[in-house]
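> Numbering (the UniProt record's numbering), first residue to last: 1 to 308. Below is one structure. I have some questions about it.
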């Protein structure tokens, strides 16, 4: 099977992982660009194609032209892939973040930057947020602690997630992601099998064996990625008409996150479908993205004033 082509202006750095070509090997140009994000991490929803994700890549390039974009696609197999395999696949993302100065370098000869790295994270649906949390687990093992000077200026956008859902929503999600009926039948058979096993374990042992329930718990972590914290602003974007992810679950997650001390805001649409809020009202969507990033920058300025 031929290797999928990267989006225009990107190069491939891993399986389904791409980085914008202009900054594929250096972060020198982006290090001094005011308050704009230096890096934009985009985690696509399960089954999202390059054509789908171009609708976000292009506007981001217009909003923040000097930012490096790292795009991570999500295939259906991610759901049943082992933790070790997930970490191995996401390793190029970790290496790119280190090269771009967003993580402490493992090279002792590398100089330190006086400015805090600026990273905007955008995760779509359970597939995208699942890859985000998997990357977080990979990085936390390598960077268990981060010094105050290495804290990120960061913002997190959760589009159409998270939610546990049920068998009906699982079927709808795979119908949405896999168009080939034979491949969809095989994938659903595997998912139903593991779903039944994990449900049984949850009932017997009372532990969080369900994948999506575990995802929701992971997303409550203030330090999703090294350098993030409870002060990192997070934006939940969801719709009351979403047939794949119940809006009540997303809203409940946002409310619980706020109760846990996280910096939460919500943008609720009334008529848009799953991961289609931007298509319904692009002006409102991108304004909310810019707003949450401005909040992140204001927090950084306040922290700088305290230090001064």
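Note that CB positions come from ideal geometry on N, CA and C, so glycine has one too.
(1) Quick check on the DSSP output: the alpha helix (DSSP H) that includes residue 243 runs from which residue to which?
(2) For residue 226 and residue 4, what's the separation of their Cα atoms in angstroms?
(3) Quick check on residue 164: does DSSP put it in helix, strand or coil?
(4) Rounded to a whole number of angstroms, what is the C-alpha to C-alpha distance between residue 137 and residue 268?
(5) Hey, how far is the Cα of residue 244 from the Cα of residue 123?
(6) According to DSSP, what are the bridge partners of residue 39?
(7) Pair every Cβ in the stretch 228-244 with every Cβ in the stretch 270-289, then say whether three or more of these pairs are closer than 8 Å.
(8) Which value, in whole angstroms, describes the spacing of the CA atoms of residue 145 and residue 116?
(9) How about the stretch 47-61 and the stretch 79-87: do they share at least three Cβ pairs that are nearer than 8 Å?
(10) Can the beta-carbon of residue 162 be found less than 8 Å from the beta-carbon of residue 253?
(11) Mind checking which residues open and close the beta strand (DSSP E) that includes residue 155?
(12) Could you compute how far the alpha carbon of residue 311 sits from the alpha carbon of residue 40?
The structure says:
(1) As a position in the chain shown, residue 243 is number 243, starting the count at 1. Element bounds for residue 243: n/a, residue is neither H nor E.
(2) Taking the chain shown and counting its residues from 1, the one referred to as residue 226 is at position 226. Taking the chain shown and counting its residues from 1, the one referred to as residue 4 is at position 4. Between residue 226 and residue 4, the C-alpha separation is close to 30 Å.
(3) Residue numbering aside, residue 164 sits at position 164 when the chain shown is read from its first letter. Residue 164: coil per DSSP, three-state reduction.
(4) Here residue 137 corresponds to residue number 137 of the chain shown, with the count starting at 1. Here residue 268 corresponds to residue number 268 of the chain shown, with the count starting at 1. Taking the straight line joining both Cα atoms gives about 29 Å.
(5) In the chain shown, counting from the first residue as 1, residue 244 sits at position 244. In the chain shown, counting from the first residue as 1, residue 123 sits at position 123. About 16 Å.
(6) To locate residue 39, count along the chain shown from 1; it is residue 39. Per DSSP, 68, 119.
(7) yes
(8) Taking the chain shown and counting its residues from 1, one reaches residue 145 at position 145. Taking the chain shown and counting its residues from 1, one reaches residue 116 at position 116. Approximately 16 Å, taken between the alpha carbons.
(9) no
(10) One-based indexing of the chain shown puts residue 162 at position 162. One-based indexing of the chain shown puts residue 253 at position 253. Cβ distance < 8 Å, so residue 162 and residue 253 count as in contact.
(11) For the purposes of this step, residue 155 is identified with residue 155 of the chain shown, where counting begins at 1. 153-159 is the extent of the beta strand (DSSP E) around residue 155.
(12) Because the chain spans 1 through 308 in this model, residue 311 falls outside it and cannot be assessed.
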